[in-house]
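Quick notes on the structure that follows.
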Amino acid sequence: MEYVSTRGGTGAVDFEEALFSGYAPDGGLFMPQHVPSLDGDTLRRWSCLSYRELVKELCSLFITAELVPRSTLNDLIDRAFSRFRHKDVVHLSRLKDGLNVLELWHGVTYAFKDLSLSCTGQFLQYFLEKKQKHVTILVGTSGDTGSSAIESVRGQKNMDIFVLLPKGFCTQIQELQMTTVIEDNVHVFAAHGNSDEIDELIKELFADVDFARKYDLMSLNSVNWSRIMVQIAHHFYAYFQCAPSLDTTPLPVVEIVVPTGGGGNITAGCIAQKMGLPIRLVAVVNSNDVIHRTVQQGDFSLSESVKATLASAMDIQEPYNMERILWLLSGSDSSLMKTLMERFSVSKSLKLPEDLHKKLSETLRSCSASDEDIVRAMQRCWEENRYLLCPHSAVAAHYHYSQPDSTPRCCLAPASAAKFQDAVLRAGLVPQLPPEITALTGMETRSTPLERGQDWAQVLREQIEATTRRREASGSRSAPLGHQGITRQGVTQT
217 MEYVSTRGGT
227 GAVDFEEALF
237 SGYAPDGGLF
247 MPQHVPSLDG
257 DTLRRWSCLS
267 YRELVKELCS
277 LFITAELVPR
287 STLNDLIDRA
297 FSRFRHKDVV
307 HLSRLKDGLN
317 VLELWHGVTY
327 AFKDLSLSCT
337 GQFLQYFLEK
347 KQKHVTILVG
357 TSGDTGSSAI
367 ESVRGQKNMD
377 IFVLLPKGFC
387 TQIQELQMTT
397 VIEDNVHVFA
407 AHGNSDEIDE
417 LIKELFADVD
427 FARKYDLMSL
437 NSVNWSRIMV
447 QIAHHFYAYF
457 QCAPSLDTTP
467 LPVVEIVVPT
477 GGGGNITAGC
487 IAQKMGLPIR
497 LVAVVNSNDV
507 IHRTVQQGDF
517 SLSESVKATL
527 ASAMDIQEPY
537 NMERILWLLS
547 GSDSSLMKTL
557 MERFSVSKSL
567 KLPEDLHKKL
577 SETLRSCSAS
587 DEDIVRAMQR
597 CWEENRYLLC
607 PHSAVAAHYH
617 YSQPDSTPRC
627 CLAPASAAKF
637 QDAVLRAGLV
647 PQLPPEITAL
657 TGMETRSTPL
667 ERGQDWAQVL
677 REQIEATTRR
687 REASGSRSAP
697 LGHQGITRQG
707 VTQT
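Residue 246 in the working numbering sits at position 30 of the sequence shown; the count goes up by one each step and never skips.
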């Protein structure tokens, strides 16, 4: 199994190189050169597997045994899920009116990103320990990625993580989940600016090629193939839980409703579909509706500004994983992707070719939900089930409630309502806070402020350099990573 860039400007790489690269050197995103195809017998056999076992089976298709022996891969995944609160890792709640909610938020930070990042952290540590290497992880966040990334690598001697959060733009709980982690390898910066400004800062550091190579910078956002790979399992598990029967030929279709921001989870669904899983995908968004407009009209164009919504983790203007979806649907046409993405990069506006739009609209359905829609879905779900939805899950529930048919359907729930007290209160409901969340307010916090007027890039450079000097002085020096000249890049991720 090898990986190629969606833009075709670099040679094929193995999983290890894709893992440490993020973006491909030509600006594209890594995708498997060939997507494995599964037959009906395999699907029926897999239908009895737990979520944990499904992750193992799927990862073994994309990571060769020469790179990671199967027994080692199994151990890494078991270790990744060892801190999840639910015995099944994820859990399906079957509610009234056919509403099936797949809870993907039973990890440490109560968000679905714990699933893929916990595995990615284990994969990174495996390769770093094997080769006695060290990396510096740089992450910008406006929501859950920062805390999930921190939890995936905290305490690891071969990784330092620098997380930048926009002060005042995260919920209090999201911020505390980052600033209360007191570990030598965790460095949190509270920037007095917005996510776009953090994005520019991160791009500036990665654009400094000499600095990026010297300190082995990498990112853990969903441009990283490893995160997409693990998320494929969400769709298989959802299908097996909600399919009425697997005794028929052809197998029944299940609709999977995916709250969508950067597009990583819906990309994983498209790959699962291409592998042979009989699912119908629905991308549901909030008022930041670029994906909805792309599916409906072929209009992949940015709005004038990002709208602040109750489903804040989906307040994204530029869903970069759409490039992966379009590449997949174009028949892996890298030349076309290069042309389209370069055009989009300049104008931030793109009209999809007619045939590509046709394939996209055949592959995905889409729906956009306003804050009012979100509130109504949260209220209805509570009234009917005494079940609290987070605002992102409520976007999926809104779609379900709007459908007149009884199609087997599963709504992916990316976060716990406990993280979004303001949205719960806006719906006139009472937040339910688990002890782990309540305890955060009494814990010690640590972060470095980035004030207006400071040279943020210089501050961050100095901190990275100082951290490296301390590590080397303590005798834990590791060799540079040096992955065949691949330059690691990063962008802000919610």
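A virtual CB, placed ideally from N, CA and C, is assigned to each residue, including glycine.
> Who are the near neighbours of residue 299 in its chain, counting only those whose CB is closer than 6 Å to its CB and skipping five residues on each side?
Replying inline: In chain order, 324 place their CB closer than 6 Å to the CB of residue 299, counting only its own chain and leaving out the 5 sequence neighbours on each side.
> Candidates 303, 379 and 612: which alpha carbon is nearest residue 405's?
Replying inline: When only C-alpha atoms are compared, the closest one is 379.
>> Short of 8 Å in beta carbon distance, which residues of its chain neighbour residue 218, apart from the five on each side in sequence? Order them along the chain.
In response: The residues are 228, 229, 230, 248 and 249.
> With a CB to CB cut of under 7 Å and the five nearest residues on each side skipped, what residues in its chain are close to residue 222?
Replying inline: These residues qualify, in order along the chain: 244, 245, 247, 539, 540, 543, 550 and 553.
>> residue 449 and residue 274 - do their beta-carbons sit closer together than 7 Å?
In response: Using a Cβ distance threshold of 7 Å, residue 274 and residue 449 count as a contacting pair.
>> On the DSSP bridge list, what partners appear for residue 472?
In response: Paired residues: 497 and 626.
> Which first and last residues belong to the alpha helix (DSSP H) in which residue 368 is found?
Replying inline: Residues 361-369.
> So, using beta-carbon positions, are residue 595 and residue 673 closer together than 7 Å?
Replying inline: Contact flag unset, no.
> Pairing CB atoms from the segment 487-503 with CB atoms from the segment 555-566, are three or more of them under 8 Å?
Replying inline: As far as the Cβ criterion goes, the segment 487-503 does not touch the segment 555-566, which means the pair count is below three.
>> Does residue 404 come out as helix, strand or coil in the three-state DSSP assignment?
In response: Strand.
> Rounded to a whole number of angstroms, what is the C-alpha to C-alpha distance between residue 519 and residue 586?
Replying inline: Straight-line measurement puts the Cα of residue 586 at about 16 Å from the Cα of residue 519.
> Which one or two residues does DSSP pair with residue 307 in a beta bridge?
Replying inline: Beta-bridge pairing links residue 307 to 319.
>> Between the alpha carbons of residue 251 and residue 689, how many angstroms are there, rounded?
In response: When rounded, the distance between both Cα atoms is 46 Å.
> In whole angstroms, what is the alpha-carbon distance linking residue 266 and residue 479?
Replying inline: Distance between the alpha carbons of residue 266 and residue 479 is about 25 Å.
> DSSP three-state call for residue 677: helix, strand or coil?
Replying inline: Secondary structure at residue 677: helix, using DSSP grouped into helix, strand and coil.
>> In whole angstroms, give me the CA-to-CA distance for residue 502 and residue 525.
In response: Taking the CA atoms as reference points, residue 502 sits about 7 Å from residue 525.
>> So, does the segment 459-473 touch the segment 567-580, judging by three or more C-beta pairs under 8 Å?
In response: The segment 459-473, when compared against the segment 567-580, does not touch it at the 8 Å Cβ threshold.
>> Let me check understanding here. Comparing Cα to Cα, which of 292, 333, 329 and 632 lies closest to residue 648?
In response: Ranking 292, 333, 329 and 632 by Cα distance to residue 648 puts 632 first.
> So the alpha helix (DSSP H) residue 217 belongs to, where does it begin and stop?
Replying inline: In the DSSP annotation of this structure, residue 217 is not part of any alpha helix (DSSP H), being labelled neither H nor E.
> What's the gap between the Cα of residue 328 and the Cα of residue 307?
Replying inline: For residue 328 and residue 307, the distance between alpha carbons rounds to 12 Å.
> Between residue 257 and residue 492, what straight-line distance do the alpha-carbon atoms span, to the nearest angstrom?
Replying inline: Spanning the alpha carbons of residue 257 and residue 492 requires a straight line of approximately 11 Å.
> Taking residue 658 as the reference, which of 535, 397 and 303 has the closest Cα?
Replying inline: The candidate whose alpha carbon is nearest that of residue 658 is 397.
> If residue 340 sits next to residue 235, beta carbons under 8 Å apart, how far is it from one beta carbon to the other, in whole angstroms?
Replying inline: Correct: roughly 7 Å between the Cβ atoms.
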